[in-house]
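J.:
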Amino acid sequence: MEVEVREPQWSDRLPHHQALIHRAVVAAYVFAGFSSEASSSDTTLISQAELSVVLANDTSVQALNKEYRGKDKPTNVLSFSTLDDPDEADLASQRGVLPLGDIVLSLETLISEANEQSKRLEDHFTHLLVHGVLHLLGYDHIEDDDALEMEGLEVEILNRLGVKNPYEFDGDRLFEGAIDE
């Protein structure tokens, strides 16, 4: 796994981002069934996943969002999957290597959303990492049933990491658009 810090403020705002990334990626990978490893500290597990996490800013994420999604605005997280078919992911995992893809996060958007939703930045960051990994593993939230499945997985994974359900706000369902589509 490779982490590229393109926005220096990430280190100031989340100095332990490397550990948070490791925990979130391993937990999502294990819980989604792509490994039977139980220990989130297993470095061999993380070496199986060819994955890049880019810690960027609104300007660079907006450019990517415009180029690849036709949306000329920043967003919280973008995922670029190497594998198009979940069956390919399962087969690659059995061979010992899983080329997942890239996750790109925007610091300014994460800070703004965390503040608006009264969440800790670390928790929101962890949620979006889990969300991004699930996208790379073939999950999506285009259809309602798929969204419910993906959100359910996110909630379970985050619960295991000690992060509250990100889809509830003051006991109610969080507003639509918690994850930019």
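Going left to right, the sequence shown walks through residues 1 to 181 as UniProt numbering numbers them. C-beta: ideal position from N, C-alpha, C; glycine also. Small disclaimer: the values here were computed from a predicted structure and weren't measured.
#1: Short check: CB of I111 to CB of G132, under 7 Å?
#2: By DSSP's criteria, V5 is part of a beta bridge. Which residues make up the other side?
#3: Let me know the alpha helix (DSSP H) ranges lying completely inside the region 101-178, each 4 residues or longer, listed in chain order.
#4: Which residue from Y139, L158, Q117, D58 puts its Cα closest to that of L100?
#5: By Cβ distance, which residues of its chain are closer than 6 Å to D123, with the 5 residues on each side in sequence left out?
#6: May I ask you to report which of helix, strand or coil DSSP gives V77?
#7: Which residue from K71, H22, L158 puts its Cα closest to that of S52?
T.: On the basis of the data shown:
#1: no
#2: L55
#3: 107-116, 121-136, 144-160
#4: Y139
#5: V163
#6: strand
#7: H22
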